[in-house]
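The sequence shown begins at 997 in the working numbering and counts up one residue at a time. We put the beta carbon where it would ideally sit given N, CA and C, even for glycine.
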Amino acid sequence: MQKTILTVDDSRAMRDMLRHSLMAAGFKVLQADDGLHGLELLETEMPDVIVTDINMPRMDGFGFIEAVRAHESRRAVPVLVLTTEVDIDKKQRAKEAGATGWIVKPFDPARLVEAIRRVSS
């Protein structure tokens, strides 16, 4: 069965790279350009994994993760943070918000796919 991945990132180039890498690995890909858009998509879709950036306009990744975890039906959905941030405090904050894992950009597509498969199995 094909797994669905929601990517949340304000960079069009990053969304394009994610879509290409994930579709090539056989995933269905949904895309949002910030946290608010991601929440809108979650009203009608239930992805198997969410991949989100941290630094975005309107709603950042921390707020997005907290909003995802606030709904009982989405608490078990793995959330991977994909960001340029390397600050240990931000990594801890994401974990406290409910993030499942942390990957630093630029990303290796094969390692991202491996991480997604690991958290969604």
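Handout entry: Pair within 8 Å by beta-carbon distance, ASP1030 and MET1010
Key = no
Practice task
Starting from VAL1047, follow the beta strand (DSSP E) in both directions and report where the run begins and ends.
Solution key: 1045-1048
Exercise for the section: In the DSSP assignment, find the unbroken beta strand (DSSP E) run with LYS1024 in it and report its ends. Expected result: 1024-1028
Practice task
For VAL1100, count neighbouring Cβ atoms within 10 angstroms of its own Cβ and tell me buried if that reaches 16, exposed if not.
Solution key: exposed
Practice task
Measure the C-alpha to C-alpha separation of ARG1008 and ASP1085 and round it to an integer number of angstroms.
Solution key: 27 Å
Exercise for the section: Would you be able to state if there are at least three C-beta pairs under 8 Å between the segment 1095-1111 and the segment 1069-1079? Expected result: yes
Handout entry: Status (buried if at least 16 other CB within 10 Å, exposed otherwise) for GLY1034
Key = buried
Practice task
Could you work out which residue in ALA1111, PHE1058, ARG1065 is closest to GLN1088 when comparing CA atoms only?
Solution key: PHE1058
Practice task
Would you tell me roughly how many angstroms separate the C-alpha atoms of PRO1053 and ILE1046, rounded to the nearest one?
Solution key: 18 Å
Exercise for the section: Keeping to the same chain, check which residues put their C-beta closer than 6 Å to that of THR1080; ignore five residues upstream and five downstream. Expected result: LYS1101
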